[in-house]
Amino acid sequence: MFLESIIVWLHVLLFVYWLGGDLGVFYSSRFRNSANYDIQTRQLIARITSNIDMAPKTTMVLMIPIGFSLVAIKNLWLMPDWLIIFFWLFGLAWLALVWWLHLTKDAKKKAPWAKFDLILRYILCAVLVIFSITSLLYQYPLVENWLALKVLLFALTIFCGIMIRISVKPYILAFAKVIQDGSSPEIEKQLNESAAKARMWVKAIWVLISIAALIGIWKPII
Amino acid sequence: MIDSQLIWLILHVFILVYWLGADITVFYGSTQLINKKNSIETRLAIIKIISFVNWFPNIANILIFPVGVMLLVGLGYFSELGNFIFLVWVPFFLWFFFITGSITQRGTLVGKVYVFLDTVMRVILILFVFVGSSLLYFFEIIFIQDWVLLKFYIYGTVLICGFGIRFSFSGFAPAFQRLIENGSTIEIENKLRASVSRVKPWVLALWIGLVLLSYVGISKPGF
């Protein structure tokens, strides 16, 4: 009982720091994208945004071990112990990778690992979609449909995260150009178009995790 | 079927999201405000970010109590009050008005009046939370479970931390104003840093309080 309440509590706190942390990231990115500020200010705000963004990034990764531990403790998936250990090892290793990518400045060194991280997200998204669909159809491995739906929503948030990475690629290039050559209306347009696309996916994540939270509390019979 | 209790519960969780979660930006941003390497323009941009994001903890701070009371109603508390329980919202609308005024009118005489009214609201609430709920509990005027009383006490402590933050941070705004007007000096930078250092223990205590509040709400311990 004590362990269960601790895990539920951690699960709630992950949601708190994910969605709440994202608010600051989202709002401060407007300043980073604004041509009204000098480049040093925009660079610093980019750094602040990136640092605050580690809260949502960390919580998203930890949702895997914490979420599946909760599933196991509530007997919503009768999984062997080794699988729980695997989820924890996977989650912690992935978290270490996410933080390493954040702290490492050497772009060349980072590039293969960033690609690996992206592939990992594709695989995880696919695996979770399969989990949820087989559960919705055959009640396996997850025994409750509301939980299968929650997992599907989580998989979709991972997909949105992938889409953010893809949509900000032109942004990163344009921002580097602003730093190097200074601002111009053309580059600013590129920045804002790219940021607008990314914002759409960020908002989708907010909606998805909010619905997931509602389903987690509600536990509807589907 | 979505019932009212579910709506209050999800609201309660979202209040925590926009209080504790949003506070990361406020706290981290404030550490950048005292960084001497950052230009005044940069720091002005940061203060705009902090000021906007800080609205969320401010509003959450107000809403958590009436929403919590509505949740207790769903658990069978205050049933003798019937629909009069909705009157619990009235002082909180007023409080919202006072807080909004104290922020938007900062530095003016009207702003000072709002700050005073906000302080009065907080003192009344702290007294109610500690004294009122203790009377209700120990004299068994109404049945209050242990965990509910504990939540009241922790919420009261969080409100006291809010006071601690306000008073320990009171020197920041004038020092920051001087920074904008006169530029950076060792004296001004020291004052800014001292304000942030003084506020940190209160912020940490507030976070611990909120984290404990959520744990008590989830585990509902009995003693």
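Residue numbers (our numbering), protein chains in the order written: chain D, 131 to 352; chain E, 104 to 326.
All C-beta atoms in this analysis are idealised placements derived from N, C-alpha and C, irrespective of residue type, glycine included.
Element boundaries [alpha helix (DSSP H), containing residue i]
i: Gly221 of chain D; result: Asp211 to Leu233
i: Ser317 of chain E; result: Ile289 to Ser322
i: Gln170 of chain D; result: Ile169 to Ile182
i: Met330 of chain D; result: Pro315 to Trp348
i: Ile127 of chain E; result: Ala125 to Leu136
i: Leu238 of chain E; result: Ser236 to Phe241
i: Gly154 of chain D; result: Phe132 to Arg162
Secondary structure of residue i, DSSP reduced to three states
i: Arg209 of chain E; result: coil
i: Gln108 of chain E; result: helix
i: Phe356 of chain D; result: The question about residue 356 of chain D has no answer, for chain D in this structure spans 131 to 352.
i: Gly265 of chain E; result: helix
i: Leu206 of chain D; result: coil
i: Gln280 of chain E; result: helix
i: Asp236 of chain D; result: coil
i: Lys215 of chain E; result: helix
i: Gln310 of chain D; result: helix
i: Ala163 of chain E; result: helix
i: Val273 of chain D; result: coil
i: Asn186 of chain E; result: helix
i: Tyr256 of chain E; result: helix
i: Leu248 of chain D; result: helix
i: Ile352 of chain D; result: coil
i: Tyr121 of chain E; result: helix
i: Lys280 of chain D; result: helix
i: Asn166 of chain D; result: coil
i: Gly325 of chain E; result: coil
i: Gly204 of chain E; result: helix
i: Leu114 of chain E; result: helix
i: Phe181 of chain E; result: coil
i: Phe305 of chain D; result: helix
i: Ser297 of chain D; result: helix
i: Asn141 of chain E; result: coil
i: Ile245 of chain E; result: coil
i: Phe272 of chain E; result: coil
i: Gly286 of chain E; result: coil
Distance cut-off 6 angstroms: residue i Cβ against heavy atoms of the ligand COA
i: Ser324 of chain D; result: No copy of the ligand COA occurs in the structure displayed, which carries no ligand at all.
> Taking three-plus beta-carbon pairs below 8 angstroms as touching, is the stretch 146-162 of chain E in contact with the stretch 176-191 of chain E?
Replying inline: Using a Cβ-Cβ distance cut-off of 8 angstroms, the stretch 146-162 of chain E and the stretch 176-191 of chain E are not in contact, since fewer than three pairs of beta carbons, one from each stretch, lie closer than that value.
>> Any contact between the stretch 206-215 of chain D and the stretch 250-258 of chain D? By contact I mean 3 or more CB pairs, one from each, below 8 angstroms.
In response: Not touching, per the Cβ criterion.
>> Tell me which residues of the stretch 287-313 of chain D have at least one Cβ-Cβ distance to chain E shorter than 7 angstroms, keeping chain order.
In response: Answer in chain order: no residues at all.
>> At a CB distance below 8 angstroms, what residues from the stretch 153-168 of chain E approach chain D? Give them in sequence order.
In response: For the stretch 153-168 of chain E, which is checked against every Cβ of chain D, the residues closer than 8 angstroms are Phe155, Val156 and Phe159.
> At a Cβ cut of 7 angstroms, what residues of the stretch 176-206 of chain D count as close to chain E, listed as they run along the chain?
Replying inline: Using a CB distance below 7 angstroms, the part of the stretch 176-206 of chain D facing chain E consists of Ile178, Asn181, Ile182 and Ala185, ordered along the chain.
> Are at least three pairs of beta-carbons, each pair with one atom in the stretch 336-346 of chain D and one in the stretch 306-316 of chain D, less than 8 angstroms apart?
Replying inline: No: fewer than three Cβ pairs fall under 8 angstroms.
> Got a sec: which bits of the stretch 121-139 of chain E sit with their beta carbon under 7 angstroms from any beta carbon on chain D, in order along the chain?
Replying inline: The stretch 121-139 of chain E vs chain D, Cβ under 7 angstroms: Tyr121, Leu123, Gly124, Ala125, Ile127, Thr128, Tyr131, Gly132 and Gln135.
> Do the stretch 257-269 of chain E and the stretch 228-239 of chain E meet, that is, are 3 or more Cβ pairs less than 8 angstroms apart?
Replying inline: Flag = yes, the stretch 257-269 of chain E and the stretch 228-239 of chain E touch.
>> Give me the subset of the stretch 151-172 of chain D whose CB atoms are less than 7 angstroms from a CB atom of chain E, sorted by chain position.
In response: Per Cβ criterion, the list reads Gly151, Leu153, Gly154, Tyr157, Ser158, Phe161, Tyr167, Asp168, Gln170 and Thr171.
>> So if I threshold CB-CB distances at 9 angstroms, which residues from the stretch 108-119 of chain E count as touching chain D?
In response: Against chain D - using a Cβ distance shorter than 9 angstroms - the residues of the stretch 108-119 of chain E are Leu109, Leu112, Ile113, Val116, Phe117 and Leu119.
> Below 8 angstroms, can you find three or more Cβ-Cβ pairs linking the stretch 128-136 of chain E to the stretch 163-170 of chain E?
Replying inline: They do not touch, by the three-pair rule.
> Touch check for the stretch 232-249 of chain E and the stretch 304-322 of chain E: three-plus C-beta pairs under 8 angstroms?
Replying inline: Because the criterion of three Cβ pairs below 8 angstroms is not met, the stretch 232-249 of chain E and the stretch 304-322 of chain E do not touch.
> Going along the stretch 275-296 of chain E in order, which residues come within less than 7 angstroms of chain D, judged by CB to CB distance?
Replying inline: The residues in question: there are none.
> Does the count of Cβ pairs from the stretch 104-121 of chain E and the stretch 149-156 of chain D closer than 8 angstroms reach three?
Replying inline: Contact between the stretch 104-121 of chain E and the stretch 149-156 of chain D is present, because at least three Cβ pairs lie under 8 angstroms.
>> Can you confirm whether the stretch 220-238 of chain D touches the stretch 185-193 of chain D when touching is taken to mean that 3 or more C-beta pairs between the two stretches lie within less than 8 angstroms?
In response: Touching, yes.
> How do the stretch 281-299 of chain D and the stretch 323-332 of chain D stand: do at least 3 beta-carbon pairs fall below 8 angstroms, yes or no?
Replying inline: Judged by Cβ distances under 8 angstroms, the stretch 281-299 of chain D makes contact with the stretch 323-332 of chain D, as three or more pairs qualify.
> In chain order, what residues of the stretch 209-220 of chain E put their CB closer than 7 angstroms to some CB of chain D?
Replying inline: Result list empty, no residue passes.
>> Short of 9 angstroms Cβ to Cβ, which residues in the stretch 252-267 of chain E face chain D?
In response: The stretch 252-267 of chain E vs chain D, Cβ under 9 angstroms: nothing.
> Relative to chain E, which residues along the stretch 323-345 of chain D have a C-beta separation below 9 angstroms, given in chain order?
Replying inline: Residues of the stretch 323-345 of chain D with a C-beta less than 9 angstroms from any C-beta of chain E: Ser340, Ala343 and Leu344, listed in chain order.
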